[in-house]
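Residue numbers (our numbering): 382 to 988.
C-beta: ideal position from N, C-alpha, C; glycine also.
From a predicted model like this one, the values you see are computed outputs, not experimental measurements.
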């Protein structure tokens, strides 16, 4: 490896070490100070380079790549406000343990605090969010430089994956002196090899540092003790929120215990006979919920979609949290015990210790109420052909083919999935639930699609992030209009956008629909302007601008076929479903009342 100057050498070495450490994708928002990294990434065939116009979109594109693949993605930007625009993605990666590697170019020390162009104080700009923050120093032609650059990159990749802390973002602040292009220090086109020291990596293209993580399993005695406790508990409950491990061990444990499984969509575990479809609606029935208080709860992952579930799991209910990285998501402060171990093996060990699958009258009670609520809700949704938000969520989740990755936006779309999605297998659901923001949604979906297409093409990478996750497969997004518009610039991804396959199902109620369900709706004088925020835009115009396939859906029955046709056609498509915010709130209330009436007619309300 030969380099023209120190900046060129550092960039070549860092990109080589990224590839040796398993990085397959990098996202670049162009700029001058990052030129050496940009050119090195462009020229290395081992790393796919994606170019975004906007740094915020670039950060979330990297989030999507990392979520779908399970490996870190690199985001590369120039100095100045370009770095600050990564902050929303850094926050999401921090709170949801997404492996994100930030390579931000910087001005050298002599330009700091001088008013130099595009120069800001980048030190600790992301606060405490990064797992590791390093100001690497200006590249120099020194014998120790190669080891410094390679060891830093190798360690940074390992830290993003959870070395010494939960997985998450790592920030490398990289000051570069000019020239940042492959020219000699006097500005002339270089001859090979003016950098004076060896830049070789380890033999056989190995990383500079190899890091092995030993499995962290529950002690066998602890497994037996907990299994005995669960066997002795007839009224138990399994609760699953956003969690990385595959869902099969959790559903197996539900079968072994005979406990109901309340699984948020992003858990991937809403499958099997024990999975409850309409838990938030059941628990909003006060009389039924009083008889549904469990004697023991095992929680996995981070929940937060249902106030009704949070209300059930009060301080009076014994609760254990199983966590793989030591994080304790507990905003209500009700969890009494925390078990730190690799989640999937721990669940498998517990299911094996409990033994053969079992049922219970307690589970039958939950399932009977759930079936009654489902019948009432489905009958109402199928009674007419008018598109609605609950039916859109229900039908999209049910109709997409096995192997699909469904990326769902925050606010109402993910909550409608939680309330109306039927249990099923073969579907992976992803969402930015770390900070639960709507920013970066388009770019996240495109990142997921790029990662899935790499898996489909037979990459040697680590697969799709979960052991039982099908390789490749369609990518479908469920979003509201504001989430789509907030990151519409993400469609400027070029030239990748023309080769990406993803279908965006957009529920368009001309504003922020979730606020109609919040106390703000009781103040009509200010509500529409500062909460409802109608935008008055026709999304067909957006589709034309970004050359998306556009499909207006006016019949609820036509939605599944429209989505299926768009998936088969390939490319980027926008499936547009118009709804009304007032009508949506009224329908949600009607569905809840119908479900409660069905529960009241049951003869199984026995504690």
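Note to self: Spatial neighbours of residue 978 within its chain, please: C-beta separation below 8 angstroms, excluding the five flanking residues on both sides.
What the structure shows: 757
Check: Taking the C-alpha atoms as reference points, what is the distance between residue 459 and residue 789?
Finding: Residue 459 and residue 789: Cα-Cα distance of roughly 31 angstroms.
Notebook entry, point to check: Which residues does DSSP pair with residue 932 in a beta bridge?
Noted result: 956
Next item on the list: For the region 957-973 and the region 929-943, state whether three or more C-beta atom pairs, one from each stretch, are separated by less than 8 angstroms.
Entry: yes
Checklist line | Residue from 765, 626, 674 with nearest C-alpha to residue 615 | finding: 674
Margin query: So if DSSP puts residue 617 in a beta bridge, which residue, or which two residues, is it bridged to?
Written below: 677
Item checked: Element boundaries [beta strand (DSSP E), containing residue 861] -> 856-861
Margin query: 9 angstroms is my cut-off, CB to CB: does residue 668 come that close to chain C?
Written below: Looking at the structure shown, chain C is missing, and only one protein chain is on hand.
Notebook entry, point to check: By Cβ distance, which residues of its chain are closer than 8 angstroms to residue 886, with the 5 residues on each side in sequence left out?
Noted result: 773, 777, 857, 858, 859, 860, 940, 944, 956, 958
Notebook entry, point to check: Between the region 638-658 and the region 678-698, are three or more C-beta pairs nearer than 8 angstroms?
Noted result: At 8 angstroms Cβ cutoff, the stretches touch.
Note to self: Considering only their Cβ atoms, is the gap separating residue 644 from residue 656 smaller than 9 angstroms?
What the structure shows: yes
Note to self: If the criterion is Cβ atoms closer than 9 angstroms, does the pair residue 893 and residue 863 meet it?
What the structure shows: yes
Notebook entry, point to check: Do three or more CB pairs link the region 457-472 to the region 423-437 at distances below 8 angstroms?
Noted result: yes
Check: Among 428, 909, 483, which has the Cα closest to the Cα of residue 465?
Finding: Residue 483 is the option with its Cα nearest to residue 465.
Item checked: Segment contact, 8 angstroms Cβ cut-off, at least three pairs: the region 790-810 with the region 911-920 -> no
Item checked: Coil, strand or helix - residue 561 by DSSP -> coil
Check: Would you call the CB atoms of residue 654 and residue 748 closer than 9 angstroms?
Finding: yes
Check: Helix, strand or coil: which one does DSSP assign to residue 530?
Finding: helix
Next item on the list: Please go through the same chain and pick out, in chain order, the residues whose beta-carbon is closer than 6 angstroms to the beta-carbon of residue 521, but skip the five residues on each side of it.
Entry: 387
Notebook entry, point to check: Quick one, are the C-beta atoms of residue 519 and residue 554 less than 9 angstroms apart?
Noted result: no
Notebook entry, point to check: At which residue ranges does the region 471-499 contain complete beta strand (DSSP E) runs of 3 or more residues, listed in the order of the chain?
Noted result: 481-487
Notebook entry, point to check: For residue 593, does the count of other Cβ atoms within 10 angstroms reach 16, so buried, or fall short, so exposed?
Noted result: exposed
Note to self: Cutting at 7 angstroms between CB atoms, please list the residues of its own chain near residue 618, excluding the five before and the five after it.
What the structure shows: 640, 641, 643, 675, 678, listed in sequence order.
Item checked: Runs of beta strand (DSSP E) wholly within the region 765-827 (minimum 3 residues, chain order) -> 785-789, 808-811
Note to self: For residue 713, count the other beta carbons within 10 Å of its own beta carbon; 16 or more makes it buried, fewer makes it exposed. Which is it?
What the structure shows: exposed
Note to self: Check this for me: beta carbons of residue 405 and residue 835, under 9 angstroms apart or not?
What the structure shows: yes
Check: Would you call the region 577-591 and the region 540-548 in contact, with 3 or more CB pairs under 8 angstroms?
Finding: Judged by Cβ distances under 8 angstroms, the region 577-591 makes no contact with the region 540-548, as fewer than three pairs qualify.
Checklist line | Residues near residue 743 by beta carbon distance below 6 angstroms, same chain, minus five either side | finding: 615, 616
Notebook entry, point to check: If you measure from the CB of residue 695, is any heavy atom of the ligand GTP nearer than 8 angstroms?
Noted result: As far as ligands go, the structure on display features none, and thus does not contain the ligand GTP.
Next item on the list: Please state whether DSSP places residue 547 in a helix, a strand or coil.
Entry: coil
Margin query: On the criterion of 16 or more Cβ atoms from any shown chain inside 10 Å, does residue 345 qualify as buried, or is it exposed?
Written below: Since the first residue shown for the chain is 382 and the last is 988, residue 345 is missing from the structure and cannot be characterised.
Note to self: Let me make sure I understand the geometry here. Which of 880, 905, 884 has the alpha-carbon closest to that of residue 933?
What the structure shows: 884
Checklist line | Chain-order list of residues whose beta-carbon lies under 6 angstroms from that of residue 806 (same chain, five-residue window excluded) | finding: A distance below 6 angstroms between beta-carbons, with the five flanking residues on each side excluded, links residue 806 to the following residues of its chain, in chain order: 652.
Next item on the list: Would you check if the distance between the CB atom of residue 890 and the CB atom of residue 971 is smaller than 9 angstroms?
Entry: no
Check: Any idea if residue 911 is buried or exposed, counting beta-carbon neighbours within 10 angstroms, 16 or more meaning buried?
Finding: exposed
Next item on the list: Tell me whether residue 845 is buried or exposed, calling it buried when 16 or more other Cβ atoms sit within 10 Å of its Cβ.
Entry: The predicted model places residue 845 with a pLDDT of 33, which falls under 50 and marks its position as unreliable; any figure quoted below should be read in that light. By the Cβ-count criterion, residue 845 is buried, with 16 or more other Cβ atoms from all chains shown falling within 10 Å of its own Cβ.
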